[in-house]
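Trainee: Taking our numbering, the leading residue of the sequence shown gets 102, the next gets one more, and so forth.
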Amino acid sequence: MKKDPPDSLPKLFPISKPASGSRCSPLCLGLGAVLLLSVFFYAFFILEEEISSKSFFVCLVIFGFLVGGIVFALSKRLENAQGKLQALEYKYGQEHYRFDSILSHNPAVIFTCSMEDGFPIRYISPNVEKITGYTPQQFIADHGFWLNQVHPEDRKLVFKDASLLLHLGERIQDYRLRHKDGRYRWIRDEICVLKDEKKQPLELIGNWVDITSRKISEQILRESEERFHFMAEHAPIMIWVSNQKGGCVFFNQTWLEFRGRSLVQEMGHGWFEGVHPQDQEYLREILYEARSKYQPFDVEYRLRCYDASYAWVRTKATPRYLRDGTFFGYIGSSSDVSELRNAIEAIKKVEIECNCKLACYSQKLLEPVRDILAFSETLTAAKVTPLAISLLRDKAEHMELFLNSMIDVSRILSGMMHLLVHTVDLPKVLKSGCDYMEEHLGRIPCRFDIDEALPRIVRMDDIYLMKLFRLITASVDVESTKAFSLSIQRVEKEGLDKMQFAFTCKVSRRLPARMTSVAEHMEPLGMILASIIVKIMGGECSVGLSEEELSFHAGLPLITVSDSSFGHL
């Protein structure tokens with residue numbers, strides 16, 4: 102009875118079930134046959150005379166049956182041996198098919214090489230065609246075919262330290278192998294030496310694995326790391342990286358230069374030594390809370406610089422995660438915000454001063470209104486005097502002057518209005534201004550000193566020049582002033598021709614005390630507006646205020662008509 106191999110395997114060899122062997126061994130059959138032959142020949146040759154022909158025929162028949170039995174027994178044994186041989190051949194076919202299937206579907210190419218020069222390939226698995234595009238026969242037929250496919254830059258590497266391979270017995274190399282389509286693929290070549298009982302090399306056994314994808318991934322990762330390190334090292338801000346436990350494992354060069362310490366000193370928790378003692382506990386709590394919850398954080402603290410001073414540093418950090426979602430530490434950046442904090446403090450200080458000044462100037466603007474209200478009550482009571490009417494008019498004019506000047510300044514600064522520069526008679530304008538001041542200051546002794554060297558014809562805005570006189574006049578407290586002087590001189594400063602104003606007002610009593618230190622040295626509102634107008638006209642000025650004197654110094658550029666550089670004005 103025959104039995105077929107499984108469907109998944111090829112029917113390489115037909116095989117029948119091994120026949121059941123005879124119970125009598127070939128030795129017994131042989132001995133029986135020899136014994137019968139001996140009896141037969143003895144009877145035939147020795148007892149020939151006594152045996153009849155009939156007895157001889159009977160012996161011959163017995164001998165024939167005996168020989169036939171022996172032949173039949175031997176044929177059965179032969180058939181049994183053939184069945185066993187077919188079973189072995191079938192099993193070999195199964196194992197051969199299984200071996201070929203493993204080699205064909207294995208990602209690694211298995212090969213063997215002889216120990217001859219050039220290590221020619223004696224066997225290579227069929228799956229080499231999937232990796233290289235070439236058949237196994239091409240590698241085996243031509244001993245130099247394999248080496249010709251290796252990248253020219255890697256050929257020396259392939260045969261490098263061949264003697265070391267024989268000594269160690271194994272070697273692993275990565276090199277590029279050309280595919281049939283002309284592109285190169287990265288191959289990992291693992292080789293071991295097969296030796297005999299006397300430790301003599303017989304052949305090389307190895308395997309190839311296509312690692313092109315891994316090499317590309319490594320190259321992308323390496324380029325990404327190189328870009329990160331390049332950007333981190335050349336970034337204008339301080340960059341750092343920490344691990345899961347909070348210890349820092351990287352600082353860029355900007356951080357190290359800012360701290361004035363080496364990377365070894367800053368690694369781990371060494372950087373924390375530079376944190377200001379008053380900020381350490383606060384910063385430690387922030388870092389612990391963020392790390393325990395895997396949250397980003399943004400914190401400001403003081404850090405010691407290279408010159409042993411402390412600077413305010415703002416640090417922002419984001420958690421890092423592995424591909425499987427495991428928390429892997431933080432990556433953060435730090436920047437010096439000392440100047441920003443100082444600027445903010447300065448702005449706050451200026452805001453406080455501006456608020457105080459605004460309160461004081463509002464008070465100043467309220468004073469004429471109160472005076473007008475008081476004088477209006479006087480008028481209502483029909484107790485009107487020329488002095489009261491004059492004071493009422495002066496207060497109203499001052500208030501109008503202040504408000505109009507503030508409106509004009511805001512329009513000029515916003516670009517809605519511009520100065521009207523034209524040719525003017527300077528001595529005439531100055532005389533009109535001095536006359537205005539002398540008229541409105543009344544009983545105060547006034548002294549005017551105007552330089553005769555001043556040019557006569559200049560180009561400027563005479564309206565705003567007269568407004569300077571009016572604002573300065575409105576800043577004088579008639580009741581407390583005992584002397585007033587004004588000096589206008591022509592000076593040359595830094596190669597420019599200028600008209601220098603010097604106004605001084607002596608007071609007979611100390612100025613009233615203020616509620617805040619900022620307001621103690623508060624300039625009069627008219628002086629502030631006059632300073633802004635001087636700067637708009639291209640000059641510079643300064644205001645001096647003490648308990649016994651009020652001064653105002655200003656310098657305006659002199660543009661004569663003959664100066665062609667200003668002809669376009």
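For each residue, glycine too, the CB sits at the ideal point set by N, CA and C.
(1) Taking all protein chains shown into account, do 16 or more other C-beta atoms lie within 10 angstroms of the C-beta of M623, making it buried, or fewer, making it exposed?
(2) Taking the alpha carbon of R415 as the point to measure from, which residue in S435, K177, E291 has its own alpha carbon closest?
(3) Using the C-alpha atoms, what's the distance from F352 back to P658?
(4) When DSSP labels each residue in this structure, what does R362 get in the three-state scheme?
(5) In whole angstroms, what is the alpha-carbon distance linking E367 and R424?
(6) What are the boundary residues of the beta strand (DSSP E) that includes P658?
(7) With 16 as the cutoff for other CB atoms within 10 Å, does H335 come out buried or exposed?
(8) By how many angstroms is the C-alpha of L322 removed from the C-alpha of F212?
(9) What's the C-alpha gap between L651 and S581?
(10) At a cut of 8 Å, does the segment 582–592 reach the segment 545–558 through at least three beta carbon pairs?
(11) Please list the terminal residues of the continuous alpha helix (DSSP H) segment that includes Q381.
(12) Would you report the Cα separation of N443 and P337, rounded to the nearest angstrom?
(13) Does F503 come out as helix, strand or coil in the three-state DSSP assignment?
(14) Would you list the residues sitting across from W309 in a DSSP beta bridge?
(15) Could you compute how far the alpha carbon of L295 sits from the alpha carbon of F329?
(16) According to the Cβ coordinates, are L597 and M561 closer than 9 Å?
(17) Please say whether R571 and Y537 have beta carbons closer to each other than 9 Å?
(18) I think K568 touches S632, with their Cβ atoms under 8 Å apart; what is that distance to the nearest whole Å?
(19) Whose C-beta lies closer than 7 Å to the C-beta of H81 among residues of the same chain, with five residues either side of it excluded?
(20) Based on the DSSP output, what are the partners of I432 in its beta bridges?
(21) Alpha helix (DSSP H) containing V530: first to last residue?
(22) How far does the beta strand (DSSP E) with L646 in it extend, from its first residue to its last?
(23) Quick check on A584: does DSSP put it in helix, strand or coil?
Mentor: So, from the listed chains and residues:
(1) Its pLDDT being 48, under 50, M623 is placed unreliably by the model, and the measurement read from it follows with that caveat. M623 is buried by the Cβ-count criterion.
(2) The shortest C-alpha to C-alpha distance from R415 to any of S435, K177, E291 is the one to S435.
(3) Roughly 56 Å between the two C-alpha positions.
(4) Under the three-state reduction of DSSP, R362 is assigned to coil, being neither helix nor strand.
(5) Between E367 and R424, the C-alpha separation is close to 28 Å.
(6) That run of the beta strand (DSSP E) goes 650–658.
(7) For H335, the number of other beta carbons within 10 angstroms of its own is below 16, and it is reported as exposed.
(8) In a straight line, the C-alpha of F212 is about 32 Å away from that of L322.
(9) Their backbone Cα atoms lie some 11 Å apart in a straight line.
(10) Verdict: yes, contact present.
(11) For Q381, the enclosing alpha helix (DSSP H) covers residues 378–394.
(12) Straight-line Cα distance between these residues: approximately 20 Å.
(13) In the structure shown, F503 sits in a helix (DSSP, three-state: H, G or I).
(14) DSSP lists V210, D290 as partners of W309.
(15) Roughly 47 Å between the two C-alpha positions.
(16) At a Cβ-Cβ threshold of 9 Å, L597 and M561 do not count as neighbours.
(17) Yes, the Cβ-Cβ distance between Y537 and R571 is below 9 Å.
(18) The Cβ separation is near 12 Å, so there is no contact.
(19) Residue numbering for the chain in the displayed model covers 102 to 670; residue 81 lies beyond these limits and cannot be assessed.
(20) Assignment of beta-bridge partners to I432 by DSSP yields V342, T419.
(21) Looking at the DSSP string, the run of the alpha helix (DSSP H) that includes V530 is 527–542.
(22) Run containing L646: 641–646, per the beta strand (DSSP E) assignment.
(23) DSSP, read as helix, strand or coil, puts A584 in strand.
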